[in-house]
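Worksheet: the structure to be examined is printed underneath.
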Amino acid sequence: RRQDTCGVAMEAYRALAAARYQKHKAKSTEQKSNALNSCRDSSSDEKNTKIASPIRGKPELDDIVGCNHPRSMRCMECIGRMEKHTVSLLSDERRCTARNVIERLVADVSVDAAKKLTKDEASKWEEKGLSSRQLTYGEVSFWSFAHILLRLKPKPTSTFYDLGSGTGRAVFIASLASDFKRSVGIEIVESLHRVAVSRLSKLKKHQGKDGTKSQVSGEIEFICGDIFEENWSDGDVVFVASTAFDDDLMRRLARACESLKAGAVVVTLSKSLPSKLFVVEHSAKHRMSWSPAVTVFFQSRL
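All residue numbers for the sequence shown refer to the numbering used here, where the first residue is 4 and numbers rise by one.
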C-alpha cells in the first residue's frame with residue numbers, strides 16, 4: 004500500500020510539474036515572438052545587396068541572454084531580463100536598423116577569416132612579448148553589445164574607445180546604435196586594422212542612401228598601434244575584450260586605465276581590473292562569438 008501511495012503521489016507531482024512547464028514555455032514563447040515581430044522589416048520581401056538593406060532573419064534573444072543552459076531553456080534570471088530590457092531593446096527602430104547596416108557591412112570578412120589574419124601576424128608580435136593566446140580573435144554579438152551600451156547610457160559628448168578593436172565591429176555598433184560623440188578603435192594587428200578602415204570607407208560611401216534612417220553618431224576613427232603606447236586617457240567609456248589576457252597583461256592594463264578621469268567606465272570581459280582605483284558597479288553574462296556566456300564587468304574610475 005505504501006508503494007502504491009508513493010507511486011500515485013509521484014505521478015501527480017510529475018503531472019503538476021509538466022503542466023507548470025508547459026504554461027511557462029507558452030508564456031516565454033509569446034514574449035519572444037512579440038519582441039521579434041516588432042523588429043521585422045516591412046520590406047523584407049525585396050532583395051537588395053547594398054549594405055543598408057535589411058537583413059533577412061530575426062535577432063536572437065540568446066544574443067542578449069547568455070546564461071549557461073541550452074537555448075531552448077529560460078532560467079529565472081533571463082526571464083527577468085526579457086521583461087525589463089529585451090523587449091524595449093528589440094523594439095527600438097534605430098538599433099534594429101543599425102543592426103541591419105552593420106551585418107551587411109561586416110559580411111566581407113568572416114570571424115574565421117579574421118582569426119586567420121591574426122595568426123598570420125602572430126609570430127611578428129610574439130617577438131615583442133605578446134603571446135598568440137593574447138592575440139586570440141573574437142567578436143561581440145550586436146545585440147549583446149547594444150545591451151551593454153544601453154546600460155552605460157553615454158552622453159552625447161562622450162568618447163568611446165575599443166582597445167584591440169579588430170575589424171571594427173564594436174566601434175561601428177557604438178557609433179550607429181548609441182550616442183557617442185567620438186568612437187575610436189585601436190588595433191595592433193595591421194591586417195585587421197586595414198579591414199576596419201575599408202569598412203569605414205564603405206560606410207561613409209553609403210551613408211544616408213537606400214532610405215536608411217541609421218546615421219553615424221559622431222566621428223569614427225581607427226588607429227593602428229599598441230594600446231600601451233597610444234593615448235586614450237580622454238575616454239569616457241573604454242571597452243576591452245580581455246578574455247584571453249593573462250594576469251600580467253591585466254595588471255598592465257589596469258595601470259594604463261588609471262590615467263582615465265574620475266567617472267570613466269571600463270568594460271572588460273571575463274576578468275575585472277586588478278586596481279583599487281576601480282570599483283565593479285555591475286556584472287552580467289552576455290553572448291560573444293567564442294562563448295554563449297561571457298561575464299562582462301562594468302567598472303568605474305574613482
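Ideal Cβ positions, reconstructed from N, Cα and C, are used throughout, including at glycine.
Reference residue i, options the options, closest by Cα
| i | options | result |
| --- | --- | --- |
| VAL198 | SER178, SER168 and SER161 | SER168 |
| LYS288 | GLY228, THR271 and SER303 | THR271 |
| PHE281 | SER273, SER294, CYS260 and PRO295 | CYS260 |
| SER273 | VAL299, ASP251 and TRP293 | VAL299 |
| VAL268 | SER220, LYS184, LEU195 and PRO157 | PRO157 |
| ARG97 | SER178, ASP250 and HIS196 | SER178 |
| ASP123 | VAL104, LEU195 and PHE163 | LEU195 |
| ASP95 | ALA247, ALA29, ASP250 and HIS150 | HIS150 |
| VAL240 | SER204, LYS184 and LYS207 | LYS184 |
| LEU252 | ALA22, TYR24, SER134 and SER126 | SER134 |
| VAL104 | LYS207, LEU305, ARG304 and ASP250 | LYS207 |
Supposed close pair residue i, residue j - CB separation, criterion 8 Å
| i | j | result |
| --- | --- | --- |
| ALA173 | PHE231 | About 19 Å; that fails the 8 Å criterion. |
| ASP291 | VAL283 | Sequence check: residue 291 is Met here, not Asp. Actually they do not touch by this definition, with Cβ atoms about 19 Å apart. |
| LEU138 | TRP146 | Between TRP146 and LEU138 the Cβ distance is about 26 Å, and since that is not below 8 Å, they are no contact. |
| SER186 | ILE226 | About 12 Å; that fails the 8 Å criterion. |
| VAL192 | THR121 | 6 Å |
| ALA116 | LEU152 | The pair is not a contact, with the Cβ atoms about 26 Å apart (cut-off 8 Å). |
| GLY316 | THR162 | No statement about residue 316 is possible, as the shown extent of the chain runs from 4 to 305 and does not include it. |
| SER278 | ALA244 | Between ALA244 and SER278 the Cβ distance is about 18 Å, and since that is not below 8 Å, they are no contact. |
| ARG136 | ALA247 | 5 Å |
Contact set for residue i: own chain, Cβ-Cβ below 8 Å, skip 5 residues either direction
| i | result |
| --- | --- |
| ARG202 | LEU108, VAL109, ASP111, THR170, GLY171 and PHE175 |
| ARG255 | PHE231 |
| GLN302 | VAL268, VAL269, VAL270, THR271, SER275, LEU276, PHE281, VAL282, VAL283 and GLU284 |
| GLN6 | With a pLDDT of only 47 at GLN6, under the threshold of 50, the placement of this residue in the model should not be trusted; the figure read from the coordinates follows. No residues qualify anywhere along the chain. |
| GLU233 | ILE189 and ILE226 |
Close beta carbons around residue i, own chain, < 6 Å, minus the five adjacent residues each side
| i | result |
| --- | --- |
| LYS118 | TYR140 |
| LYS216 | A caution first: LYS216 carries a pLDDT of 45, below 50, which makes its placement in the model unreliable, though a value can still be read off. Cβ within range, chain order: THR100. |
| ASP165 | ALA173, VAL174, GLY188 and PHE242 |
| GLU142 | VAL114, ARG172 and SER292 |
| GLU182 | According to the sequence provided, residue 182 is Asp. The question's Glu does not apply to it. Result list for ASP182: PRO157, PRO159 and SER220, in chain order. |
| ASP229 | ILE191 |
Close beta carbons around residue i, own chain, < 7 Å, minus the five adjacent residues each side
| i | result |
| --- | --- |
| SER262 | SER236 |
| VAL200 | PHE225 |
For residue i, the residue or residues it bridges with in DSSP
| i | result |
| --- | --- |
| GLY188 | ASP165 and PHE225 |
| MET253 | In the DSSP output, where bridge partners are listed per residue, MET253 has none listed. |
| GLN302 | VAL269 and VAL283 |
| HIS289 | VAL297 |
| VAL109 | Bridge partners of VAL109: none, in fact. |
| PHE242 | ASP165 and VAL270 |
| VAL143 | MET291 |
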